[in-house]
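Student: Here the protein sequences line up with chains Y and L, keeping their order.
Just so you know, the working numbering puts 86 at position 86 of the first sequence, and the rest follows in order with no gaps.
Just so you know, the working numbering puts 151 at position 38 of the second sequence, and the rest follows in order with no gaps.
Built from N, CA and C at the ideal position, the CB exists for glycine as well.
Attaching a single structure in structure tokens format; questions to follow.
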Amino acid sequence: AQSVSQHNHHVILSEAASLELGCNYSYGGTVNLFWYVQYPGQHLQLLLKYFSGDPLVKGIKGFEAEFIKSKFSFNLRKPSVQWSDTAEYFCAVNAPGTYKYIFGTGTRLKVLA
Amino acid sequence: DTGVSQDPRHKITKRGQNVTFRCDPISEHNRLYWYRQTLGQGPEFLTYFQNEAQLEKSRLLSDRFSAERPKGSFSTLEIQRTEQGDSAMYLCASRREGGMYTGELFFGEGSRLTVL
């Protein structure tokens with residue numbers, strides 16, 4: 001069965017610090033990978049996605065993620081965080097041709113101004 | 114607003130009562146999902162519809178839970194004889210299939226259930 005692990009549950013950073021959130025998945029085949037963000041009081045929205053091709057994908061608001069197949073990882077990065085990045089971040093996996101999306105437990109990021 | 118709509122946004126009920134949540138997906142999306150999210154957890158898959166057909170129901174859903182999607186448009190999730198353990202945020206998401214498929218799930222703002 002597919003599973004997703006996010007090891008950082010809570011992260012606190014100062015503005016301008018660099019961010020890296022870990023995501024590892026468990027699935028032997030081809031996968032589609034996603035990062036979703038949930039700002040306080042808002043719905044989940046897509047940050048970025050990987051289907052195939054260049055393993056370094058860029059998303060909205062300066063976020064990027066790198067797919068490393070050998071490590072079953074899809075870590076999220078941002079060189080310089082802002083206070084407005086305070087939110088909860090979820091990694092998700094979907095096997096192509098299937099309909100189920102499996103989410104990690106989330107990482108709550110707090111950025112101090 | 115052309116996003117996914119959920120109603121009600123918040124429901125407080127007493128144990129043993131029945132509750133029903135409604136989800137209106139984005140109009141051209143034929144795929145609809147229900148997820149449940151509790152504090153400190155990510156969304157957990159509950160059930161999935163392709164048009165009006167319910168293709169999978171998670172083992173997380175007991176017999177007290179039922180979901181429908183008549184005519185392949187809006188969907189309802191009903192919980193009968195609610196228990197305190199049912200307290201959670203119930204999320205609806207939709208997705209389209211076809212030439213413009215991006216794989217992205219579009220989520221509603223959720224319906225928060227509190228069972229007293």
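For a contact defined as C-beta to C-beta under 9 Å, what are the partners of F103/Y on chain L?
Tutor: Correct list: Y148, Q150, Q154, G155, P156, E157, F158.
Student: Contact criterion: CB-CB distance below 9 Å. Does V4/Y meet it with respect to chain L?
Tutor: At least one chain L Cβ lies under 9 Å of V4/Y.
Student: I'd like to know whether the C-beta of Y36/Y is nearer than 9 Å to at least one C-beta of chain L.
Tutor: True, the Cβ-Cβ gap to chain L drops below 9 Å.
Student: Look up Q119/L in the DSSP assignment and say whether it is helix, strand or coil.
Tutor: Correct three-state label for Q119/L: strand.
Student: Quick one: list the residues of chain Y neighbouring E222/L, beta-carbon separation under 8 Å, in chain order.
Tutor: Correct list: Q42, H43.
Student: What span of residues does the beta strand (DSSP E) with Y161/L cover, start to end?
Tutor: Segment 157 to 163, the beta strand (DSSP E) holding Y161/L.
Student: Answer yes or no: does any C-beta atom of chain L fall closer than 9 Å to that of N32/Y?
Tutor: Chain L contact via Cβ: present.
Student: Here's a check: name, in chain order, each residue in its chain whose Cβ is nearer than 7 Å to the Cβ of T36/Y, leaving out the five neighbours to either side.
Tutor: First, the amino acid is wrong: residue 36/Y is Tyr here, not Thr. Excluding positions up to five away in sequence, the list reads L44, Q45, L46, L47, F90, A92.
Student: State the Cα-Cα distance for the pair M213/L and T30/Y, rounded to the nearest angstrom.
Tutor: A caution first: M213/L carries a pLDDT of 45, below 50, which makes its placement in the model unreliable, though a value can still be read off. Approximately 21 Å, taken between the alpha carbons.
Student: I want to verify the contact list: residues of chain L whose CB lies under 7 Å from the CB of G106/Y, in sequence order.
Tutor: The contacting residues are G155.
Student: Roughly how many whole angstroms lie between the Cα atoms of F74/Y and R177/L?
Tutor: If you take the alpha carbons of F74/Y and R177/L, they lie about 37 Å apart.
Student: So R128/L and Q197/L are supposed to be a Cβ contact under 8 Å. How far apart are they, rounded?
Tutor: That pair is a contact at about 6 Å.
Student: Measuring CB atoms only, is the stretch 58 to 66 of chain Y touching the stretch 75 to 83 of chain Y, in the sense that at least three cross pairs come out at less than 8 Å?
Tutor: Result yes; three or more Cβ-Cβ pairs closer than 8 Å.
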